[in-house]
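Numbering (UniProt numbering), first residue to last: 1 to 326.
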């Protein structure tokens, strides 16, 4: 297998989707000739033409409305929101319309829409370019929310998302785009949606995370191993719905859990996981569940980003606290 960056794996998945199905369209701000702000669509307009890969006006609400309308004409839209901090401009189309239409029309219509968008910190972007807003869309019934943590999953999960007949919000971590490389299988393959994966097996404690936080959790597990703590690491991959079966098996094995997210602490994915574990597996727990998350503040300006973001040392400290609970 060839080693590729996270962004190269995403670009390859988009290319394969366009090649496989003529009804697949890509559109958004600057995705055409410029290939997108991160070059995820670089070269695709030249290869597939302006009718299948095209720019839109700077109006996220219009991008969402266009995607919904195209599904009525049997297209499979892949719409790009340039940064997920701009979600608020298109929230009605996503949450109020495309997420509800299967229910609204009594299962007679499909919404095969992929909403692609970059998110997350670590690159010192301007305000509203780094926000972790996955908790907002994860709460919306009718949506899947997918957040890959490595190039191979990014490609396979994106191809699965395009095949889905329900809307999928596909969130790509900005920091991982070019900082992460990994082996990526050749050709067309899919990675199942809604299934977490155990990326590192262990016996002493379960570390649960997703998206851009997974690499730092793996780093934390390596540090814990130096002190004789054998940590199991779960990558959720899909944060709505959450794979509670995989989580439950691990909790029953280790009895100790830390949940890690890059987003702010209030509500969100980690809070849901903690509540589900408490309801379903509390008799397996040997200690209170630990949580590592960002502070409940507005995402900071670049100068304070390093202090604000979750770090591997934070995960190590919280895991040791849970391990030492008596």
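Ideal placement from N, C-alpha and C gives every residue a C-beta, glycine not left out. Owing to the predicted nature of the structure, the values given are computational and were not obtained by experimental measurement.
Pop quiz: residue i and residue j are said to be a contact at Cβ under 8 Å. What is the actual Cβ separation, rounded to whole angstroms?
i: residue 208; j: residue 260; result: 7 Å
i: residue 140; j: residue 95; result: 5 Å
i: residue 241; j: residue 194; result: 6 Å
i: residue 41; j: residue 14; result: 6 Å
i: residue 327; j: residue 250; result: Residue coverage of the chain in this structure runs from 1 to 326, which leaves residue 327 outside it and unanswerable.
i: residue 210; j: residue 174; result: Between residue 174 and residue 210 the Cβ distance is about 15 Å, and since that is not below 8 Å, they are no contact.
i: residue 322; j: residue 238; result: Not quite, the Cβ-Cβ distance comes to about 25 Å (not below 8 Å), so this is no contact.
i: residue 189; j: residue 159; result: 7 Å
i: residue 27; j: residue 66; result: 7 Å
i: residue 90; j: residue 61; result: 5 Å
i: residue 312; j: residue 220; result: 4 Å
i: residue 285; j: residue 255; result: 6 Å
i: residue 102; j: residue 135; result: That pair is no contact at about 23 Å.
i: residue 9; j: residue 151; result: 4 Å
i: residue 131; j: residue 84; result: 6 Å
I need the boundaries of the alpha helix (DSSP H) containing residue i, first residue and last residue.
i: residue 103; result: 101-104
i: residue 206; result: Where residue 206 is concerned, there is no enclosing alpha helix (DSSP H), although the beta strand (DSSP E) it sits in stretches over 205-209.
i: residue 93; result: Where residue 93 is concerned, there is no enclosing alpha helix (DSSP H), given that its DSSP letter is neither H nor E.
i: residue 306; result: 305-308
i: residue 151; result: 151-163
i: residue 216; result: 214-226
i: residue 189; result: Looking at the DSSP string, residue 189 is not in any alpha helix (DSSP H), and its letter there is neither H nor E.
i: residue 22; result: It is not in any alpha helix (DSSP H) - residue 22 carries neither H nor E in the DSSP assignment.
i: residue 321; result: 312-323
i: residue 47; result: 44-48
Kindly identify the DSSP beta-bridge partner or partners of residue i.
i: residue 5; result: 181
i: residue 27; result: 54 and 79
i: residue 119; result: 173
i: residue 135; result: Looking at the DSSP assignment, residue 135 forms no beta bridge with any residue, so it has no partner.
i: residue 240; result: 145
i: residue 114; result: 78 and 168
Can you give me the start and stop residues for the beta strand (DSSP E) that residue i sits inside?
i: residue 78; result: 76-80
i: residue 233; result: 231-235
i: residue 197; result: 197-200
i: residue 263; result: 257-264
i: residue 272; result: Note, residue 272: premise wrong, no beta strand (DSSP E); alpha helix (DSSP H) at 268-281.
i: residue 290; result: 290-294
i: residue 61; result: Segment 60-71 is the alpha helix (DSSP H) holding residue 61; no beta strand (DSSP E) there.
(message) Using 8 Å as the cut-off, can you tell me whether the stretch 220-232 makes contact with the stretch 194-204, which would need three or more C-beta pairs spanning the two stretches below that distance?
(response) They touch, by the three-pair rule.
(message) When you compare the stretch 1-21 with the stretch 178-189, are there three or more beta-carbon pairs, one atom per stretch, that lie closer than 8 Å?
(response) Taking 8 Å as the limit for Cβ pairs, the verdict is that the stretch 178-189 does touch the stretch 1-21.
(message) With three or more C-beta pairs closer than 8 Å as the rule, is the stretch 213-221 touching the stretch 155-170?
(response) The stretch 155-170, when compared against the stretch 213-221, does not touch it at the 8 Å Cβ threshold.
(message) Counting beta carbon pairs with one atom in the stretch 14-21 and one in the stretch 40-60, are three or more of them shorter than 8 Å?
(response) yes
(message) Would the stretch 112-127 count as touching the stretch 78-91 if we require 3 or more Cβ pairs under 8 Å?
(response) yes
(request) State whether the stretch 238-253 contacts the stretch 306-325, with contact taken as three or more CB pairs (one from each stretch) at a distance under 8 Å. (result) no
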